[in-house]
Amino acid sequence: MHSDYRFVLEVRTLDGAVLHREALSPDWEPAVEATRLAALRTGGVWPHTGSTTPRLEPVWHAAAGEPFVQAVRVHTECEGREWVTDIPTSRYFNGTARSVVAAQLAAGRIHAEDRVRYAVAAYAVSEQGHGAPPLRFVTTDRPQTLSVRDRRLAELRDLSLLCGEVDPADLGVVLPEEVLDEICRLTRDAGDRETGGILLGHLCRDGRVGDIGLEVTAHVPARHTVGDAVKLTFTSDTWTDVRAAVALRRADELLVGWWHSHPAAAWCRQCPSERQRVCQLSTGFLSSDDQALHRVMFPEAYTQALVVTNSIVGLETKLFGWREGVLQPRGFHLRRARIPGSLARDSVRPLASALGAACAEEPHALPDAIALSSQ
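All residue numbers for the sequence shown refer to the working numbering, where the first residue is 442 and numbers rise by one.
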């Protein structure tokens, strides 16, 4: 990634007074991956290896103007073509802003009763002096060999059960009932411990609609993990086992994500049942550790994270995927076990899990929109 700008986060009062200003060292790779996926969906090109270095520039805030940033614009080129994606700063830096505000709150520089907003500013490196070099770094990765299969995804979705709220801009995901049913069984069997596994599947192009989607085909239960009631750790033996399972299947499947369970009933056992039924822990969420694992192991924008929560009210499933460089709750299509005609695969027992669609509200959330007083 190359950028000639440095980015700064400002925390402000509602009337615009600056409470804190902090230089940022953003992780731009999720934004780049979002642009790569856009290229794959619209042009059938995966600009990863062999393409030019992606570059980034700020899009100035429509109301406040320079130096305040409304979005970051990512450019990537491959095979003589260019793709551009605008990533809103209000979403991309929201997690960073929360962490900064929490640190300032702990230090006593911001008070619990204060209501604050944040803004992101960008300055050309040459304007900052000190002989600072442009923001440049080079990484060498080993992406999965990517292949896209032909598949009648539109028909699959028409014969599937819609679970959750689907954003039309999201990559479509089809998840087999038998896979989800097995995951739910493993969650119950794990009891008070977290458990998990790796999702396998294919990227598929439906020529009739001119777009691609993701079809999950199987999962590999994660063995050799270290898990307790609040954490699940994948070891090197876990990944060796997964790679061996993929090789034995000989289906050219991609690692398209992962799943893990939350034993909320164990977490909240000391609480009254009335509180457990409305507790935020009883709905699916990704912890900071979960998000960090996904960022490292599944950085590609097509990958997914499935959370199965076992609470006093039963099982709830929630899927998370990359949207504009940030992991967000998303909907999916559940492919029923019995589908007529050539679309059918294995027929297995009916799904016994509950399918959750609600999005857990985060406490003490900063507003998503950047609000600035007139400059």
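Built from N, CA and C at the ideal position, the CB exists for glycine as well.
Nothing here was measured: the structure is a model prediction, and the numbers come from that model.
Asked                                                                                                             : Found
Separation of S729 from E765, as counted between CA atoms                                                         : 18 Å
Expected contact under 8 Å - CB spacing of R556 and L460 to nearest Å                                             : With a Cβ gap of about 11 Å, R556 and L460 do not count as contacting.
Per-residue DSSP class, three states only, for D652                                                               : strand
Where R776 falls: helix, strand or coil (DSSP)                                                                    : strand
R496 CB to nearest heavy atom of the ligand GTP below 6 Å                                                         : Of the ligands one can find in the structure shown there are none, so the ligand GTP has no counterpart to examine.
Exposed unless 16 or more other CB atoms sit within 10 angstroms - verdict on D682                                : buried
Spatially closest choice to A479 from S714, V661, E623, T526, by CA coordinates                                   : T526
Spatial distance of V541 from V449 (CA atoms)                                                                     : 12 Å
8 Å contact criterion, which V650 and F773 should meet: CB distance rounded                                       : Actually they are not in contact, since the Cβ atoms of V650 and F773 sit about 17 Å apart, beyond 8 Å.
Complete beta strand (DSSP E) runs within the stretch 474-550 (minimum length 3 residues, chain order)            : 496-501, 510-519, 522-529
Nonlocal neighbours in the same chain, by C-beta distance under 7 Å from V697, ignoring five residues either side : L640, L641, G642, L655, V657, Y743, T744, Q745
Buried/exposed call for G485, threshold 16 Cβ in 10 Å                                                             : exposed
Per-residue DSSP class, three states only, for C712                                                               : coil
Contact check, V515 vs P495, beta carbons under 7 Å                                                               : yes
Integer Cβ distance of L760 from G605, believed to fall under 8 Å                                                 : 7 Å
S466 (DSSP reduced to helix, strand or coil)                                                                      : coil
Three CB pairs or more closer than 8 Å across the stretch 609-629 and the stretch 678-692                         : no
For A659 and L689, the rounded distance between their alpha carbons                                               : 13 Å
Which of helix, strand or coil DSSP assigns to L616                                                               : strand
E520 versus N751: straight-line alpha-carbon distance, rounded                                                    : 48 Å
Bridge partner(s) assigned by DSSP for L450                                                                       : E463, V561
Inter-residue Cα distance where the pair is H552 and S677                                                         : 44 Å
Residues near R550 by beta carbon distance below 8 Å, same chain, minus five either side                          : L460, H461
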